[in-house]
Amino acid sequence: MLIARDISRRFGRTLALDRVDFEAAAGEIHALIGENGAGKTTLMNILAGRVRPDSGEVSLDGAPLPAGSASRALKAGIAAVNQSPMLFERFSWEENLALGGFDTSGFDLKKVADRSRALAERLGFELPPTGASIEQRSVADRVRLEVLRALSFDPRVLILDEPTGVLAPSELAPFLDLLRRLRGEGRIIVLITHKLGEALAVADRISVLQKGRMVARTIAAKTSEAELARLMIGQVAISVPEAARITATDAVALKISDLFLNRDGYRVLDDLSLEVHAGEIAGIAGVDGNGQTELVEILAGARRPDAGDFSAFENGSRGRSSLAVIPETRDQDGLVLDMPLWENLLLAGPLLSRLTPRGWLRRAGAIALCRELLARFSIRAPGPDAPAAALSGGNRQRLEVARAIACDPRVIVAHNVCRGLDIAGTAEVHRILSAFAAAGGAVLLISSDLEELLAMCERLFVMSRGRLRETPVAERDPSRLGLLMAGHWK
Amino acid sequence: MLWSLLKSVVAITIAALIIAAVLIALGASPIGVLFALCEGAFGNWYALTDTVVKATPLIFTGLAVSVAFSGALWNIGADGQLIAGAIAAGAIGPYLGAWPRPIAIAAMLIAGAIGGAIWGGICGWLRARRDTNEVISTIMMNFVAAQVLSWTVHGPLMEPSRAYPQSRLIAPSAHMYMFLEPSRLNLGIVIALLLAAGCYLLLFQTRLGFQIRAMGRNRRAATFFGIPIARLTIGLLALSGALAGAGGAVQVSAITHRLYERFSPGWGFEAIAVALVARLNPIGIVISALFFGALDNGSQAMQRAQGVSPVLVQVIQALVIMILLAFDTPAVARLRASFGVGAPISAAPQTGASADA
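These protein sequence lines map, in sequence, to chains A and B.
Numbering (the numbering used here) for the first sequence: 1 to 490.
Numbering (the numbering used here) for the second sequence: 1 to 357.
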């Protein structure tokens, strides 16, 4: 029996886990579900000893586990498999497995290969020929190798973080069978996922995390996808914002037609088309990793689609400069942290052109613009010369929104623009975007936060596996949207 | 800025202290060595002017390294680019006899810049189009340049008498303007100063310079906002090579008047130290190059007076680089943040100025 009691963990301003209880019994597959940011991975890291909780303790079969030591957790019998396989590309598979527990005495690759083959056979899958490097293997093979490596320690508990996220549908069934066989050996399997169908199909019990709190523990056979979706998303206010309804017009401001994008053999964007009208805030809901990032990169001009096109319109004529994009990862994509604020404004193409006439930098003009934006958008900063790193997250985000608006665009595309902001910060960013739409601009809000989208957007789309589907107002109840986000479109 | 300068001064001081300890351990007098170094570098008119002459190629290569570093392109190949520039200038130099002197000198410089630009541009192309690490390719191109130089002075460019492995003398009209002879002061230092000013303007006063610096500080953000990374990479390494190559041409035109093997004593490598001490600031490069030029120049006097090997100077240079790099570790950044100096990435929000609304 794996028991976690009263676990809390805070990262900076966010309480990732709030007095969470969790237990999983021997011979059980226990699914842990929740939205992005619900705290699933944090809980896994605490169980596996990689993160020390602020409070609470973990015990396995009655014996308390020392907190914050991955090697001791492993010794006690808890092995964890990461979301993205952590393998050495250039090494052969048996070299990768040699870092596991098959042969701890020396570095006998033959012994490692023999033992892993024996184990793989027992689990019902085949290994590539000896000496084959990881590079050419499929993602499914990699996930299986990771699982094999974890099992090489003969763990009592196996925790898997979204192992199926990267698997093709045809690879899923054999993988779930593998989990069932492991359960049959009396192990405790903890499966972290946001795919409800999968949790229902394979798990005995399901625990639901919502914004850091454990909101439910149910028996899989006694629940449904709709109920799980409702539990996962929680209470959200359903309302169509008045402002958007009043200002939306018929004029198309952004037209995306038939975008396709393939990457590493996966279809990331699948025939994606969308129109956003002047004066409206349109929203795209979806679980992260369903093509949103790539869509935003294409709209920013940082990535080329395989097929399809998009244009921003101003008074009926096309022009890409009238499109401003606010990226999701502000510190990596949106800002240069060790450059002053006024130089960060110059990253945006239209501002760079305006402030460098004939190629020469108008420093005074850029500083004046920066000072004006700091005042207009109440950005708390020491001054235009302060580096972006000196700002708090909320103020960095406001700077990005201010920069987008300073470009005088017709369309603003904002991706997870309020992630990590507190309530006041979120309200402020929403107020700015609403005002922009009310003044005739078009906003495309891409977010994994349903609550935000339902509060802001008149028209709402759901994105799943690179496809887009509009949801009529009638469909906007959390469980229905949860199912749509999970890819159940019918 | 203040912290940056302070950092260089502190690094040089620490290096000097380490050297002093070593000298004492070896039974030499650190004061005597320092005095001999200064005597050799600034002690008389000839020493002083020669310090400037020795610093000149270091300004060219230092600028080359620093503009590339500003865009986070690690050009370790300034030496090869300088040699490529020298070969180009040395190859056309003998044929400029009929040309007016200003035009002949300009032709030498342009040839040198083109030679260096090709040498650097190849590495830029490899980085941009083939994702080849420019650290490796620029280092390798140093060896290629040295071999090409060796081949040319044994082969196509070898002097007609074929007595020594060296090229023909360049035409007198291609000789750089000299000042205050018999000193070796020449127009090259003026060109170097103008280029330093030009690099400063480019980096800090132009759109292109902003794009280079943005690419250097955050390549991802630069990509996201549509800065043409690939073109910029090729162009920047070509520009960097051109600066080093022009330095090679100045050396041929003003000092050597011909090519020979081992033309560069390692100006391109010393340039890395020059650029780091100057914290990549083009104006700082001039000061830093003069400092290293003085070390080079003084090292011979030091050997004569104190019997200390001139290699000691290279040890000082190496120590300065390592100390400066050690300053840039996260640990130091955190320490700096705790004193409120500078602005490292993980800076703590400054009190009252940046709390969330």
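Built from N, CA and C at the ideal position, the CB exists for glycine as well.
By how many angstroms is the C-alpha of residue j removed from the C-alpha of residue i?
| i | j | result |
| --- | --- | --- |
| Pro472 of chain A | Val462 of chain A | 11 Å |
| Arg10 of chain A | Glu57 of chain A | 15 Å |
| Leu450 of chain A | Ile284 of chain A | 9 Å |
| Val22 of chain B | Leu15 of chain A | 55 Å |
| Leu444 of chain A | Val413 of chain A | 5 Å |
| Trp342 of chain A | Asp141 of chain A | 48 Å |
| Ala111 of chain B | Pro282 of chain B | 23 Å |
| Ser464 of chain A | Asn142 of chain B | 52 Å |
| Leu17 of chain A | Ile285 of chain B | 52 Å |
| Arg230 of chain A | Pro478 of chain A | 6 Å |
| Pro358 of chain B | Met176 of chain B | Residue 358 of chain B falls outside the range modelled here, since chain B spans only 1 to 357, and no answer is possible. |
| Ala36 of chain B | Arg304 of chain B | 9 Å |
| Gly155 of chain B | Leu295 of chain A | 58 Å |
| Ser70 of chain B | Asp270 of chain A | 40 Å |
| Arg180 of chain A | Thr293 of chain A | 34 Å |
| Thr356 of chain A | Arg207 of chain B | 6 Å |
| Asp61 of chain A | Thr42 of chain A | 22 Å |
| Arg213 of chain A | Asp21 of chain A | 9 Å |
| Ser59 of chain A | Ala203 of chain A | 22 Å |
| Val65 of chain B | Ile83 of chain B | 15 Å |
| Lys75 of chain A | Glu275 of chain A | 55 Å |
| Gly247 of chain B | Ala214 of chain B | 27 Å |
| Glu185 of chain A | Ser448 of chain A | 38 Å |
| Leu352 of chain A | Leu2 of chain A | 57 Å |
With DSSP run on the structure shown, which of helix, strand or coil describes residue i?
| i | result |
| --- | --- |
| Lys195 of chain A | coil |
| Ile7 of chain A | strand |
| Glu225 of chain A | helix |
| Met140 of chain B | helix |
| Ala80 of chain A | strand |
| Asn186 of chain B | strand |
| Met108 of chain B | helix |
| Ile191 of chain B | helix |
| Phe22 of chain A | strand |
| Ser253 of chain B | helix |
| Ile189 of chain A | strand |
| Val336 of chain A | coil |
| Val308 of chain B | coil |
| Glu275 of chain A | strand |
| Gly49 of chain A | coil |
Which residues in chain A sit within 8 Å of residue i, going by Cβ to Cβ distance?
| i | result |
| --- | --- |
| Gly226 of chain B | Ala300, Gly301, Ala302 and Gly349 |
| Ala214 of chain B | Val336, Met339, Glu343, Leu346 and Leu347 |
| Phe210 of chain B | Glu343, Leu346, Leu352, Thr356 and Leu361 |
So, is the C-beta of residue i closer than 8 Å to a C-beta in chain A?
| i | result |
| --- | --- |
| Arg220 of chain B | yes |
| Thr223 of chain B | yes |
| Arg258 of chain B | no |
| Arg129 of chain B | no |
| Leu5 of chain B | no |
Using DSSP bridges, identify the partner residues of residue i.
| i | result |
| --- | --- |
| Arg217 of chain A | A:Ser207 |
| Tyr260 of chain B | B:Gln166 |
| Asn262 of chain A | A:Arg267 |
| Phe102 of chain A | According to DSSP, which records beta bridges pairwise, Phe102 of chain A is partnered with nothing at all. |
| Glu400 of chain A | None, per the DSSP bridge assignment. |
| Ser311 of chain A | A:Lys255 |
| Met463 of chain A | A:Leu468 |
| Ala442 of chain A | A:Val411 |
| Ser447 of chain A | A:Ala285 |
| Glu28 of chain A | A:Ile188 |
Closest Cβ-Cβ distance between residue i and chain B: below 8 Å?
| i | result |
| --- | --- |
| Asp333 of chain A | yes |
| Leu259 of chain A | no |
| Leu374 of chain A | no |
| Pro327 of chain A | yes |
So which residues of chain A does residue i contact, with C-beta pairs closer than 9 Å?
| i | result |
| --- | --- |
| Thr206 of chain B | Thr356, Gly359, Trp360 and Leu361 |
Please find out if some non-hydrogen atom of the ligand ZN comes closer than 7 Å to the beta-carbon of residue i.
| i | result |
| --- | --- |
| Ala98 of chain A | Absence of the ligand ZN is noted for the structure shown, with no ligands found whatsoever. |
Name, please, each residue of chain A whose Cβ falls closer than 7 Å to the Cβ of residue i.
| i | result |
| --- | --- |
| Arg217 of chain B | Val336, Asp338 and Met339 |
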